[in-house]
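2 protein chains.
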Amino acid sequence: MTVSKTAADAVRPSRSLRKEPVDPALDDSMLQLGELSGLLGYSLKRAQLKVFEDFLRCVEPLQLTPAQFSVLLLLDNNPGRNQTEIANTLGILRPNFVAMLDGLEGRDLCARMRSTNDRRSHILVLTDKGRAVLARAKKLVSSKHEARLMEVLGPANHAAMLEMLAKLAREF
Amino acid sequence: MTVSKTAADAVRPSRSLRKEPVDPALDDSMLQLGELSGLLGYSLKRAQLKVFEDFLRCVEPLQLTPAQFSVLLLLDNNPGRNQTEIANTLGILRPNFVAMLDGLEGRDLCARMRSTNDRRSHILVLTDKGRAVLARAKKLVSSKHEARLMEVLGPANHAAMLEMLAKLAREF
DNA sequence: TGATAATTGTTATTCACTATATCAAATATC
DNA sequence: GATATTTGATATAGTGAATAACAATTATCA
Chain A
250 MTVSKTAADA
260 VRPSRSLRKE
270 PVDPALDDSM
280 LQLGELSGLL
290 GYSLKRAQLK
300 VFEDFLRCVE
310 PLQLTPAQFS
320 VLLLLDNNPG
330 RNQTEIANTL
340 GILRPNFVAM
350 LDGLEGRDLC
360 ARMRSTNDRR
370 SHILVLTDKG
380 RAVLARAKKL
390 VSSKHEARLM
400 EVLGPANHAA
410 MLEMLAKLAR
420 EF
Chain B
250 MTVSKTAADA
260 VRPSRSLRKE
270 PVDPALDDSM
280 LQLGELSGLL
290 GYSLKRAQLK
300 VFEDFLRCVE
310 PLQLTPAQFS
320 VLLLLDNNPG
330 RNQTEIANTL
340 GILRPNFVAM
350 LDGLEGRDLC
360 ARMRSTNDRR
370 SHILVLTDKG
380 RAVLARAKKL
390 VSSKHEARLM
400 EVLGPANHAA
410 MLEMLAKLAR
420 EF
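As they're listed, the protein sequences go chains A and B. Heads up, my numbering is the position in the first sequence plus 249, with the first residue counted as 1. Heads up, my numbering is the position in the second sequence plus 249, with the first residue counted as 1.
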């Protein structure tokens, strides 16, 4: 088949003939996702984007991205670690972690200290401000963000989902 | 508390004293994720990355990214649509969709045809090659990618997960 | 009808995130 | 003590996502 270079438009579900008013927000005449809605990866990504958006909204007064929050949380749970260790557990490449730390350190949320054992490495420490911000962030995340997730999914589903996602992140 | 600028390294779970051999791949002395493992968004993102990696592996002979696959699939399911409609349903911004289409059209997987109704818009069409590639891609995705997901999660969990993710992508 | 607004595809540009190679300083290995 | 490895860092490139602006076309409506 050779394709002609023009074409009369195909069957539009003719928005003008529709009876029920279409959702004005995500309208677009409702295209058929088809097999796409059965693709786990597709829904996974779209859900992830939505969840991150909500995270940003909930924690907006503190100006923390999910990645930054995860760093602060990890520092709090693992004192005495260096950049490589923190970056690796978060799946961040060392070169990219430098600028990220510069940002956090520039806002006085954490600090690098030269290790006395190994003078190559920087031990990462939460500052007092970092601890305070983290504490407030945790409250916002749990009371707003996670609370909303719980509400939409229900506690049982939320737990089941968490377990499955962790399994995928681990074994896949 | 003012932070001194150096510090003796804190309690390392002393890798040297461990009895069981640590997983050499993701080692890093097993940092404590702490509250991070309870954050749905965190696991969601890590799982999504793993799933997309697997998708790329499975469909590697066809050199299709998840985004490209989704475009081809959508074109097949929705003939006669223009760029704006396709881009919008996939959450791709129109300006960014241009280069993406250039790539697909350059590989002769789809084509833009000027609409006779509205000479501004381009109706998107799958080429024969595009249909053939899509068919092969679908087989690879279902026999390798989705099959693996099924195997890891189990059919029931897979279905439950899909439903929850769709709900999040929709209502969140 | 004709002036004005809106839409479509496009370009340019910016920002964030990711990835690789490379480097000097410090440490480990043998 | 020579060589290799590790650590933080820099430079750089690639990709995705976001906004503004533009020409061509179509829609609106006074």
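For every residue, glycine included, the Cβ atom is placed at its ideal position computed from N, Cα and C. Computed from a predicted model, the values in this text were never measured in an experiment.
Once DSSP output is grouped into helix, strand and coil, what is the label at residue i?
i        : result
B:Leu402 : helix
B:Pro270 : Any answer about B:Pro270 is weak, because its pLDDT of 35 lies below 50 and its placement is not dependable; what the coordinates show is given next. Reduced to three states, the DSSP call for B:Pro270 is coil.
A:Val382 : helix
B:Leu275 : With a pLDDT of 41 at B:Leu275, under the threshold of 50, the predicted position of this residue should be treated as unreliable, though the coordinate-derived value follows. Looking at B:Leu275 - three-state DSSP - the assignment turns out to be coil, as it is neither helix nor strand.
A:Ile341 : coil
B:Leu375 : strand
B:Arg306 : helix
A:Arg363 : strand
B:Asn331 : strand
A:Leu280 : coil
A:Ser292 : helix
B:Gln317 : helix
B:Arg368 : coil
A:Gln297 : helix
A:Phe346 : helix
A:Leu285 : helix
A:Leu323 : helix
B:Arg397 : helix
A:Arg419 : helix
B:Leu353 : helix
A:Leu358 : coil
B:Val252 : Note on B:Val252: pLDDT 39, under 50, position unreliable in the model; no value is reported.
Roughly how many angstroms lie between the CA atoms of residue i and residue j, to the nearest whole one?
i        : j        : result
A:Asp351 : B:Leu322 : 43 Å
B:Ala418 : A:Asp367 : 47 Å
B:Ala408 : B:Ala396 : 13 Å
A:Lys387 : A:Leu411 : 18 Å
B:Glu284 : B:Asn326 : 42 Å
B:Ser392 : A:Phe301 : 31 Å
B:Thr314 : A:Leu305 : 27 Å
A:Leu398 : B:Gly290 : 10 Å
B:Ala384 : A:Val401 : 36 Å
B:Met250 : A:Ala381 : Low local confidence applies: a pLDDT of 39 at B:Met250 is under 50, so the model's placement there is unreliable, and no value is given.
A:Ser286 : A:Leu324 : 38 Å
A:Lys294 : B:Gly355 : 27 Å
A:Asp272 : A:Ala296 : Caution is warranted here: a pLDDT of 35 is assigned to A:Asp272, below 50, making its placement in the model unreliable, and the coordinate value is therefore given only provisionally. The straight-line gap from Cα to Cα measures roughly 20 Å.
A:His394 : B:Leu288 : 10 Å
B:Asp303 : A:Asp303 : 27 Å
Whose CA, out of the options, lies closest to the CA of residue i?
i        : options                                   : result
B:Gly340 : B:Gln317, B:Lys393, B:Gln281 and B:Ala409 : B:Gln317
A:Leu282 : B:Thr365, B:Ile335 and B:His394           : B:Ile335
A:Ser364 : A:Gly329, A:Leu398 and A:Asn337           : A:Gly329
B:Glu420 : A:Thr376, A:Leu298 and A:Asn327           : A:Leu298
B:Gly403 : A:Met413, A:Asn337 and A:Thr338           : A:Met413
A:Met279 : B:Asn406, B:Asn337 and B:His394           : B:Asn337
Only counting the same chain, and skipping five residues up and downstream in sequence, which positions put a Cβ closer than 8 Å to that of residue i?
i        : result
B:Gln332 : Arg343, Phe346, Val347, Leu350, Arg361, Ser370, His371 and Leu373
B:Leu353 : Gln317, Val320, Leu321, Cys359 and Gly379
B:Leu194 : In this structure chain B extends from 250 to 421, so residue 194 of chain B is not present and cannot be described.
A:Ser292 : Ser286
Given residue i, which residues of its chain have a CB within under 7 Å of its CB, disregarding the five upstream and five downstream residues?
i        : result
B:Ala415 : none
B:Asp357 : Thr376 and Lys378
For residue i, which residues in the same chain have their Cβ closer than 6 Å to its Cβ, ignoring the five residues on either side in sequence?
i        : result
B:Leu275 : Reliability of the predicted coordinates at B:Leu275 is poor, the pLDDT of 41 falling under 50, and the value obtained from them is presented with this limitation in mind. For B:Leu275, where only same-chain residues beyond five positions count, there are no Cβ hits under 6 Å.
B:Asn406 : none
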